[in-house]
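Enquirer: Chains as they are written, first to last, in UniProt numbering: chain A, 1 to 349; chain W, 1 to 349; chain P, 1 to 349; chain R, 1 to 349. Just passing along the structure, written as structure tokens.
There are 4 protein chains.
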Amino acid sequence: MDIRIPSLLRIKPDTLFKLGKYLRKHGFDRIALCYGEGIEELVGRSIRISRDSSEITVVRQEVVHSNDVTDIMGVAFHLPRGTQAVVAVGGGVAVDAGKYIGFLNQLPVVAVPTAISNDGFASPGASLRVEGQRISAKAAIPFGVVIDTTVIAACPPRFTLSGIGDLISKYSAIADWKLSYHATGEAINDFSAMIALQSVENLVNHPDKSIEDLGFLQLVCGALVMSGVSMEVAGSSRPASGSEHLISHAYDRLAARPRMHGEQVGVATIATTWLQDNPQRDTVLRVLEQTTFLSAIRADPLDRATFLAAIAAAPAVKPGYHTVLSEPGAVERLQAHIAADPLWQDLLA
Amino acid sequence: MDIRIPSLLRIKPDTLFKLGKYLRKHGFDRIALCYGEGIEELVGRSIRISRDSSEITVVRQEVVHSNDVTDIMGVAFHLPRGTQAVVAVGGGVAVDAGKYIGFLNQLPVVAVPTAISNDGFASPGASLRVEGQRISAKAAIPFGVVIDTTVIAACPPRFTLSGIGDLISKYSAIADWKLSYHATGEAINDFSAMIALQSVENLVNHPDKSIEDLGFLQLVCGALVMSGVSMEVAGSSRPASGSEHLISHAYDRLAARPRMHGEQVGVATIATTWLQDNPQRDTVLRVLEQTTFLSAIRADPLDRATFLAAIAAAPAVKPGYHTVLSEPGAVERLQAHIAADPLWQDLLA
Amino acid sequence: MDIRIPSLLRIKPDTLFKLGKYLRKHGFDRIALCYGEGIEELVGRSIRISRDSSEITVVRQEVVHSNDVTDIMGVAFHLPRGTQAVVAVGGGVAVDAGKYIGFLNQLPVVAVPTAISNDGFASPGASLRVEGQRISAKAAIPFGVVIDTTVIAACPPRFTLSGIGDLISKYSAIADWKLSYHATGEAINDFSAMIALQSVENLVNHPDKSIEDLGFLQLVCGALVMSGVSMEVAGSSRPASGSEHLISHAYDRLAARPRMHGEQVGVATIATTWLQDNPQRDTVLRVLEQTTFLSAIRADPLDRATFLAAIAAAPAVKPGYHTVLSEPGAVERLQAHIAADPLWQDLLA
Amino acid sequence: MDIRIPSLLRIKPDTLFKLGKYLRKHGFDRIALCYGEGIEELVGRSIRISRDSSEITVVRQEVVHSNDVTDIMGVAFHLPRGTQAVVAVGGGVAVDAGKYIGFLNQLPVVAVPTAISNDGFASPGASLRVEGQRISAKAAIPFGVVIDTTVIAACPPRFTLSGIGDLISKYSAIADWKLSYHATGEAINDFSAMIALQSVENLVNHPDKSIEDLGFLQLVCGALVMSGVSMEVAGSSRPASGSEHLISHAYDRLAARPRMHGEQVGVATIATTWLQDNPQRDTVLRVLEQTTFLSAIRADPLDRATFLAAIAAAPAVKPGYHTVLSEPGAVERLQAHIAADPLWQDLLA
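Structure, rendered in structure tokens:
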């Protein structure tokens, strides 16, 4: 089985100053550069210095304001002849747009996430908007991922905590995959499951779980990359997305004030691992506590009614996608548990 | 970058009883079956039951007595037309032979190691003998790896301890790779290094490091598979083989009584990580202690004079392969350290 | 060098009645079906019969009215989960749309052209409209090409003659490629050039060049497929598109009444092969005469002033794309020749 | 469907003088060089000049005396570290050996045939000897094929005539493939069949069929390359080997004095196309006559008794391989025809 992995991977402090060197080493000297909103102000200087010293020509530079597919095509179909790669610097929107611009031109993409709020930057898909609606489009896994951990460490904590919530959800997602295998015969890919879990377990076992620690952040980034690779191996988002993601998607639609993807997913994982009777549930709770994820949620709880409604709505989000919530009575059992268990008192309000 | 990974991966108790089912699921019903010496007596019954219940036809069955390339070709060039896969059950010799038979016929290989004394079973190469000399031949990463952890648990402890020694050597090998990058400009593949280290770190962080624990064994097996994949990603054995492997190869040639590959490599890693001033050296020692690797060595130490000579001979084993031993005075410093440090008193005799 | 070729290829009479059988044989039983305008009326009955007898489920059926990218995305991003392939039946617009719907979903595409007016159906790209402008987008070479030569034989002759014009232009395109190699060092791919020319030469050497002859049509279709493959091998349209295509593109923009692509390209090839002093020019003229291409043009000549203007405008169509027209004075020499040479009297008016 | 094709292809006069340039262009500057017996004397000077002017280092040079697999491995497993490609210059034996040395090391091979007596030089296999027996081993299609047509033109005519015999046999082989499809359901690959036939048809239609004509030789070489590619596409030798090859293999075993492979195959094709009632039989006879193939055979006929015995023995050469000879009574009918038809009077003696 042949899979595609990033050819260029650098996760450490001050990589932005070497971006030009990395590009040249891989044969790219004419690039299209996409910045997220406000990102050039943040990190543009490092990138300009690096670009100039490595003599990289930016044949087109663009600030990405949205992941709307019409905007993306406006850029994608007018790249100058001879563009060799697309470099996307910023948060989720900029990286998704850059990935899709690259995909439409069959050009390699170098993702340079400046925040790690979810595992999208290394996945083989792109989250887009088509006529106002969010869709998950197929794309290619990035050619390169370059992360400057000092930039990540300087992000508001919510971003990184959201990324940790997205990572910890693998325990729930893979348990759902196994349930589906037994209930529906859906094929499971052990290699995909193994690398998805291995990367999270590294995190879990790391002695110092401070989101300001560069070593810990390096592990978090590496695990998010491996999450993307596990989806590439599986040929779907199964290893990274189960019932907890369905709850989060439903919450997105129902909530007056949706939260960051990984925040919702992390909270939902506490719920779904209970329902799964998941042996890793204590680990989930421990890691969310130690990283201050839970205290951040307690400081600004999710909306209780919306969360309960999201649980009820979740099974219909992806028809035919078997999870623990597909089992008879599962929704009601989970809702009753949440009402009764003191843990949930201050996570929801 | 496209890499090849095993399409079939099963590591858990009692997989031998399901081997036929796995083969059929992947479209193989006509196979060549290679057993190592004495292996059919050990596990043949499970495999026959599984083969029969899944209606797999064994078009050729062979007991592998050696990894001599002439013997291997005698089998390889006479496989019946219509053979769909080669299944190799046994230790290193049987799996190497099976891998090469498959490679010469461009057929998928399913490796079923019955002992895990090194990381060869999932690597993209094969250790062969050509005119009496050991060589590392190119081959393909196996299509499948199936490991029955109850079989592994029943092995003599030395085998599994040897596998752990081979795994822990990644810390030394990757440090050498980085040294070579700085000293010679040799390209380093961060993705390869990441997956090689991640799998070892899982092991290191596992609370219960008993080689009788099926959960721990599953981690060890998974890490050995990832070691093979890391070599596939790197396109060489760099992530899995540094100065400590050179010492072991030299010891093989010099010793009256060579030990298992992973035993030698594990001991050598204690030496090379000292020379590298490797921050993971304490981890190496702790894991080797906790798994009883060190007590097994103490019960039957390596030969002191041979080990010191092997250090001196190591740099010449692979000319042009930069490691910490390539640095001026490195051999002498290491020899002096070993003579002086009490740790080495009972590892060598 | 790895290239992609169609896995399914059937060019003969009455293949439409076997389309369902072919699909099932390749593992597709849930397809999206795109018809060109008016095509279902023409061939829908054969396809329905075949679909039903092979129990193929059409999960989505669509009539394609345009190759506008917004329309295409409206379909592409809403294919039902579980769609296994996109089958596109019709002329250039339907096949281009189908190819792009497949590309955006990374699904295999089966092209079923009902007319062969150009070589686009088997190429790795798609001609689209973006905000009213025609662009050449990257896509993938079709998984399958199924052509029913009885359907092709029943087309109005202009379509097939246009296809022949597009084919004969290879002589001009490849001569331009070689010129560019010598003038600019642009890499030439001999394998690509060889298969592009071989397929045309088969046509040229066929004794009976009647566009009603099923055997001859089979050769024409095969040559158009090989033209697509030659572009895949080259990684660009170089083997199939030189100065004669630039003239045709310019004519498209300048003409009050543009003709079919291959008609323009065929006429332009007569001009550019003169300028190239191309040894195959007599062959070009002979084949265009024997197939009745030239008599069809004489019956309805191109516009003289527009054609001369198109020659002048051609070099600017693709900046940096070296052809015989890039040489100093080439445009003027060609214009003067056309004014003077009696051959052109009745091809232009 | 992904297939591998030669990345480097040059067929024209005086390519030997540019071999070094071609190698460097593809990134090879450290090569292993295999000459056939007597070949260095023949063309070594051109190659040395080219090698030196392009600064190519020959890290190992070898004269190939046989295609015995033990000899080949003696070279293959001792190539110097850092060898980038294997270049094989000579006839069938040297090219087969070079291809296999490359395959065992997973290195690219550049085939430089100095005679074109069969289609082996561009095929994805290698003809070897294992313990004295001839076997067809799997290998890889060459990375490059470089043919100097002035060298080919200077060969004794028998070599080129043999190549033409091998080419013309495609008509027989593909008819057998179709027979097998109808009789046994064996899958047929239309793309493979198309490119196999297209290349032969170019030859057939070429006005001047003189084996001294450089243009005609270029076509013959191109067609032999496409024959290799057609086997790569099919994943087997089906498009290039049918009943006529079985007869030739049987003749090899039975004859006191076997002839060149293509000579035997060409004569056998006359026989098998009669049995197939093959519509191309007249074409076969015409081409063999025009190229002087038949007059060369008449000057030195095959042995009648051996040829008749070979027909009888052919069906057992590859058990389970359906051809026209598998049909009941086919052998007897063909033998009776040969006895009676005057055409055979002077081809056999």
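Think of the CB as a built atom: it goes at the ideal place given N, C-alpha and C, for glycine as much as any other residue.
Note down, in chain order, each residue of its chain lying with its Cβ closer than 8 Å to the Cβ of R/R24, except the 5 sequence neighbours on either side.
Expert: On the fourth sequence, position 24 is the one that residue 24 of chain R refers to. S54, E55 and I56.
Enquirer: For A/A173 versus A/A250, is the C-beta spacing smaller than 8 Å?
Expert: Position 173 of the first sequence, counted from the first residue, corresponds to residue 173 of chain A. Position 250 of the first sequence, counted from the first residue, corresponds to residue 250 of chain A. Not a contact, by the Cβ cut-off of 8 Å.
Enquirer: What is the rounded straight-line gap between the Cα of W/P6 and the Cα of W/V284?
Expert: In the second sequence, residue 6 of chain W corresponds to position 6, counting from 1. In the second sequence, residue 284 of chain W corresponds to position 284, counting from 1. Computed Cα separation, rounded: 28 Å.
Enquirer: Would you please verify whether the beta carbon of W/V317 is less than 8 Å from any beta carbon of chain A?
Expert: Looking up residue 317 of chain W in the second sequence gives position 317. It does not; no Cβ of chain A falls within 8 Å.
Enquirer: Over what stretch of residues does the beta strand (DSSP E) that includes A/T57 continue unbroken?
Expert: The residue labelled residue 57 of chain A in the question sits at position 57 within the first sequence. Unbroken beta strand (DSSP E) run through A/T57: T57 to V64.
Enquirer: Please list the partners that R/M73 has in chain W, where partner means a Cβ-to-Cβ separation under 7 Å.
Expert: Within the fourth sequence, numbered from 1, the residue matching residue 73 of chain R stands at position 73. Those within 7 Å of R/M73 in chain W are V69 and V130.
Enquirer: Just mark W/G262 as buried or exposed, buried being the case when its beta carbon has 16 or more other beta carbons within 10 Å.
Expert: Position 262 of the second sequence, counted from the first residue, corresponds to residue 262 of chain W. By the neighbour-count rule (16 or more Cβ atoms within 10 Å), W/G262 is buried.
Enquirer: Distance, Cα to Cα, R/Q280 vs R/V287?
Expert: Working through the fourth sequence from its first residue, we reach residue 280 of chain R at position 280. Working through the fourth sequence from its first residue, we reach residue 287 of chain R at position 287. Going from the Cα of R/Q280 to the Cα of R/V287 covers about 11 Å.
Enquirer: Of all Cβ atoms in chain A, is any one closer than 8 Å to the Cβ of P/A187?
Expert: Taking the third sequence and counting its residues from 1, one reaches residue 187 of chain P at position 187. By this cut-off, P/A187 is not an interface position.
Enquirer: Going by beta-carbon coordinates alone, are P/S237 and P/A314 separated by less than 8 Å?
Expert: Within the third sequence, the letter at position 237 stands for residue 237 of chain P. Within the third sequence, the letter at position 314 stands for residue 314 of chain P. Their beta carbons are not under 8 Å apart, which means P/S237 does not touch P/A314 by this criterion.
Enquirer: Sort A/S66, A/H65 and A/I49 by Cα distance to A/V58 and report the nearest one.
Expert: The residue you call residue 58 of chain A lines up with position 58 of the first sequence. Closest option to A/V58, Cα to Cα, is A/I49.
Enquirer: Going by Cα to Cα distance, which pick from R/E289, R/V146 and R/P328 is closest to R/L343?
Expert: Here the question's residue 343 of chain R lines up with position 343 in the fourth sequence. Per the Cα distances, R/E289.
Enquirer: If we cut at 8 Å on Cβ distances, does P/A137 have a partner in chain A?
Expert: For the purposes of this step, residue 137 of chain P is identified with residue 137 of the third sequence, where counting begins at 1. P/A137 counts as touching chain A.
Enquirer: Using the Cβ count rule (16 or more neighbours within 10 Å means buried), how would you classify R/G163?
Expert: Translated into the one-based positions of the fourth sequence, residue 163 of chain R becomes position 163. Buried, because 16 or more other Cβ atoms sit within 10 Å of the Cβ of R/G163.
Enquirer: Quick one: any contact between the stretch 87–105 of chain R and the stretch 119–138 of chain R, if contact means 3 or more CB pairs under 8 Å?
Expert: Result yes; three or more Cβ-Cβ pairs closer than 8 Å.
Enquirer: If you draw a straight line from the alpha carbon of P/T323 to that of P/Q133, how long is it in whole angstroms?
Expert: Indexing the third sequence from 1 puts residue 323 of chain P at position 323. Indexing the third sequence from 1 puts residue 133 of chain P at position 133. The alpha-carbon atoms of P/T323 and P/Q133 are separated by roughly 24 Å.
Enquirer: Going by beta-carbon coordinates alone, are W/V63 and W/E37 separated by less than 8 Å?
Expert: In the second sequence, the residue the question calls residue 63 of chain W occupies position 63. In the second sequence, the residue the question calls residue 37 of chain W occupies position 37. Yes. Within cutoff.
Enquirer: What are the boundary residues of the beta strand (DSSP E) that includes R/G82?
Expert: By one-based count along the fourth sequence, residue 82 of chain R stands at place 82. Segment: none, R/G82 is in no beta strand (DSSP E) and carries neither H nor E.
Enquirer: Using C-beta distances below 7 Å, list every residue in its chain close to R/S46, excluding the 5 sequence neighbours before and after it, in chain order.
Expert: Start at 1 with the first residue of the fourth sequence, and residue 46 of chain R comes out as number 46. Only L16 and F17 meet the Cβ criterion.
Enquirer: Exposed or buried, residue 407 of chain R, counting other C-beta atoms within 10 Å across all chains shown (16 or more means buried)?
Expert: Chain R is shown from 1 up to 349; residue 407 of chain R falls before or after that span and cannot be answered.
Enquirer: Locate the beta strand (DSSP E) running through W/G144, then write down its first and last residues.
Expert: For the purposes of this step, residue 144 of chain W is taken as the residue at position 144 of the second sequence. Its beta strand (DSSP E) spans residues G144 to D148.
Enquirer: Mapping the DSSP letters down to three states, classify W/R4 as helix, strand or coil.
Expert: As a working mapping, residue 4 of chain W is identified with position 4 in the second sequence. If DSSP states are grouped into helix, strand and coil, W/R4 belongs with the strands.
Enquirer: Tell me W/C34's beta-bridge partners as DSSP assigns them.
Expert: Here residue 34 of chain W is taken as the residue at index 34 of the second sequence, counted from 1. Partner(s): W/E62 and W/A88.
Enquirer: Say whether chain P places a C-beta atom closer than 8 Å to the C-beta of R/I5.
Expert: Sequence index remark: in the fourth sequence, residue 5 of chain R carries index 5 (1-based). Yes, contact with chain P.
Enquirer: Quick one: what's R/I9 bridged to in DSSP?
Expert: Translated into the one-based positions of the fourth sequence, residue 9 of chain R becomes position 9. Here the sequence assigns Leu to residue 9 of chain R, which means Ile is not the residue at that position. In the DSSP output, where bridge partners are listed per residue, R/L9 has R/V145.
Enquirer: Is DSSP giving R/S39 helix, strand or coil here?
Expert: Here residue 39 of chain R corresponds to residue number 39 of the fourth sequence, with the count starting at 1. It is worth fixing the name first, because residue 39 of chain R is Ile in this sequence and not Ser. In the structure shown, R/I39 sits in a helix (DSSP, three-state: H, G or I).
Enquirer: Strictly by DSSP, which residues pair up with W/K138?
Expert: As a first step, residue 138 of chain W is located in the second sequence; it is residue number 138 there, counting from the start. W/K138 is bridged to W/G125.
Enquirer: So the alpha helix (DSSP H) A/V220 belongs to, where does it begin and stop?
Expert: Here residue 220 of chain A is taken as the residue at index 220 of the first sequence, counted from 1. Taken as a continuous stretch (DSSP letters only), the alpha helix (DSSP H) holding A/V220 covers L214 to A234.
Enquirer: Hey, would you say P/I11 sits closer than 8 Å to P/G222, going by beta carbons?
Expert: By 1-based counting over the third sequence, the position of residue 11 of chain P is 11. By 1-based counting over the third sequence, the position of residue 222 of chain P is 222. Yes, they are a contact pair.
Enquirer: Quick check: R/G144 and R/A115, are their CB atoms within less than 8 Å of each other?
Expert: Indexing the fourth sequence from 1 puts residue 144 of chain R at position 144. Indexing the fourth sequence from 1 puts residue 115 of chain R at position 115. No, they are not a contact pair.
Enquirer: If we count Cβ pairs, one from each stretch, closer than 8 Å, do we get three or more for the stretch 263–270 of chain W versus the stretch 152–170 of chain W?
Expert: Judged by Cβ distances under 8 Å, the stretch 263–270 of chain W makes contact with the stretch 152–170 of chain W, as three or more pairs qualify.
Enquirer: Classify A/P113 as helix, strand or coil using the three-state DSSP reduction.
Expert: Along the first sequence, read from residue 1 onward, the residue named residue 113 of chain A stands at position 113. Note: A/P113 maps to strand in three-state DSSP.
Enquirer: Taking C-beta pairs closer than 7 Å, name the residues in chain P that R/S199 reaches, listed in chain order.
Expert: One-based indexing of the fourth sequence puts residue 199 of chain R at position 199. Going along chain P in sequence order, the residues near R/S199 (Cβ under 7 Å) are Q198.
Enquirer: Tell me, please, whether the CB atom of P/N202 is closer than 8 Å to any CB atom in chain R?
Expert: One-based indexing of the third sequence puts residue 202 of chain P at position 202. Yes, P/N202 counts as interfacial toward chain R.
Enquirer: Determine the extent of the alpha helix (DSSP H) in which W/R298 is found, giving its start and end residues.
Expert: As a position in the second sequence, residue 298 of chain W is number 298, starting the count at 1. First-last of the alpha helix (DSSP H) with W/R298: F293 to A299.
Enquirer: With three or more beta-carbon pairs closer than 8 Å as the criterion, would you say the stretch 189–204 of chain R touches the stretch 196–216 of chain P?
Expert: Touching, yes, given that three or more Cβ pairs across the two stretches are closer than 8 Å.
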